[in-house]
Amino acid sequence: MSRREDVAVVGGGIVGLAHAWSAAARGLSVVVFERGPRAEMASVRNFGMVWPIGQPAGERYETAMRSRARWLELRDAGVWVEECGAVHVVRRPDELQVIEEFAAVAPGLGVACELVRPADAARRFPALNPDGLLGVLHSPTECVVDPRQALAVLPEFLARKFGVEFRYRTAVTDVQMPFVRTAAGDEWRVDRCLVCSGADFETLFPREFAASGLTRCKLQMMATGPQPGGWKLGPHVAGGLTLAHYAAFEVCESLPALKERFAAEMPEHVKLGIHVMASQNHLGEVVIGDSHEYDDAISPFDSRRTDDLILDYLKRLVRLPDPTIHRRWHGVYAKHPTHPQFAAEPQPGCHLLASPGGAGMTLAFGLAEAWWG
Ligand SMILES: Cc1cc2nc3c(=O)[nH]c(=O)nc-3n(C[C@H](O)[C@H](O)[C@H](O)COP(=O)(O)OP(=O)(O)OC[C@H]3O[C@@H](n4cnc5c(N)ncnc54)[C@H](O)[C@@H]3O)c2cc1C
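With this note's numbering applied, the sequence shown closes on residue 1536, and no number is skipped along the way.
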């Protein structure tokens, strides 16, 4: 006999949890199926950066800001969230030109940020490496969460506050609306099924995913141990390479020339998709990344050379009291070439909601709220 719920969510990552929250807050009964014993994929492998500054101004930036507000609400539920802000640290004149241009247009775009000159930057952000520093783009909007802590607390909160049911170690292997079936042969009857399966394109609706244009992207990551003496990184740190990575900076006329210089001077970084960022979690560990390998280039094995390039670049941006790497890992997310999030409805009431690429922690809550209307 099948059980009955209003909504089934397949996938216990941040996208699935965001939809479970939005649905449950509207009074719907929700069951979440997660094949792992807990969320173990992209949603716990990331920096924990809530990063509005990377989103293009307008709807995407606003979506990120709505997500940010939801993260702050979760403090009451015991999720660790710090309003740390972010700095883009520049060391070359063409990088300075991009952040100057961006800082000039940002107020008109509704984006909060300011240009900080080197003398002030050294005083305000003492973790930065002052050698060769030409300027800093500071934005106050970014937050940091510890993804592992957040993805552990959020299901407890949803279960406690809204009675959301979680089925771990349960893979959904078949959806024929209104029925959702698990690998163990259990069956649920639901009004809606939301497939939030991250980078798993093969288990459910493989044909739809194959035709979607989605690709997989692998990122290499590292973390130091807790920094000694309560040392603080302060804001998230990014460098010049990051200006070429996020769509936000495409409003800058000087960006194409900067990208050309990177291609000529740093072809290995460009080939490996390296841009360097660092965040600090509540344990004092500094989380460092990353690189980007797409689809056929993805190797199950991590490259030491890639890690070394990342760490070498990071040294130019910050001075860590203890740079010893304690952990290394990689994560994979789904990415659509044009849409922030791919969505499709292969059967009436069944929706595929892919990962919002490298910005799931930044966008998931806002996207889910907009989806539920
Ligand atoms: C290394 C790395 C760093 C990143 N850094 C950031 C960052 O700092 N800030 C930011 O905003 N974003 C960041 N991102 C992006 C962000 O992590 C992702 O966009 C987001 O986690 C995707 O969430 P998701 O729920 O779609 O996918 P996932 O976290 O992969 O979750 C999907 C879940 O579905 C489950 N599942 C799949 N199929 C089934 C099935 N048939 N039955 C049951 N369960 C199933 C899987 O087990 C998995 O747990 C980063 C990503 C990576 C990889």
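Cβ coordinates follow ideal geometry from the N, Cα and C atoms, glycine included.
Residue i CB to nearest heavy atom of ligand 1 below 7 Å
i	result
Val1353	no
Val1439	no
Val1193	no
Pro1398	no
Phe1210	yes
Asp1363	yes
Gly1520	yes
Leu1474	no
Val1495	yes
Val1178	yes
Thr1366	yes
Met1340	no
Asp1453	yes
Cys1513	no
Gly1523	yes
Gly1199	yes
Ser1375	no
Val1433	no
Ala1313	no
Leu1235	no
Ala1202	yes
Cys1359	yes
Leu1530	no
Val1335	yes
Ala1533	no
Gly1175	yes
Leu1446	no
Phe1372	no
Boundaries (first-last residue) of the beta strand (DSSP E) holding residue i
i	result
Ile1488	1488 to 1498
His1182	Segment 1177 to 1188 is the alpha helix (DSSP H) holding His1182; no beta strand (DSSP E) there.
Thr1387	1378 to 1389
Ser1302	1298 to 1302
Ala1441	1440 to 1443
Asp1169	1166 to 1173
Leu1357	1350 to 1358
Val1250	1249 to 1253
Secondary structure of residue i, DSSP reduced to three states
i	result
Pro1310	helix
Lys1395	coil
Ile1451	strand
His1432	helix
Met1340	coil
Leu1483	coil
Thr1405	helix
Gln1260	helix
Val1242	coil
Leu1421	helix
Trp1214	coil
Thr1525	helix
Leu1191	coil
Glu1365	coil
Val1414	helix
Leu1110	The structure shown does not extend to residue 1110, since the chain spans only 1164 to 1536, so no value can be given for it.
Leu1291	strand
Leu1278	strand
Thr1333	coil
Thr1226	helix
Glu1197	coil
Glu1319	helix
Glu1305	coil
Environment of residue i [buried if 16+ CB atoms lie within 10 Å]
i	result
Trp1234	buried
Arg1189	exposed
Ala1407	buried
Ala1427	exposed
Pro1215	buried
Lys1498	buried
Lys1324	exposed
Pro1398	buried
Asp1470	buried
Thr1487	exposed
Ile1473	buried
Ser1230	buried
His1251	buried
Ser1462	exposed
Enclosing alpha helix (DSSP H) for residue i [first to last residue]
i	result
Glu1508	Run containing Glu1508: none in the alpha helix (DSSP H); it sits in the beta strand (DSSP E), 1506 to 1510.
Phe1329	No alpha helix (DSSP H) holds Phe1329; the beta strand (DSSP E) holding it covers 1328 to 1330.
Glu1371	1369 to 1373
Ser1466	Looking at the DSSP string, Ser1466 is not in any alpha helix (DSSP H), and its letter there is neither H nor E.
Ala1205	1205 to 1208
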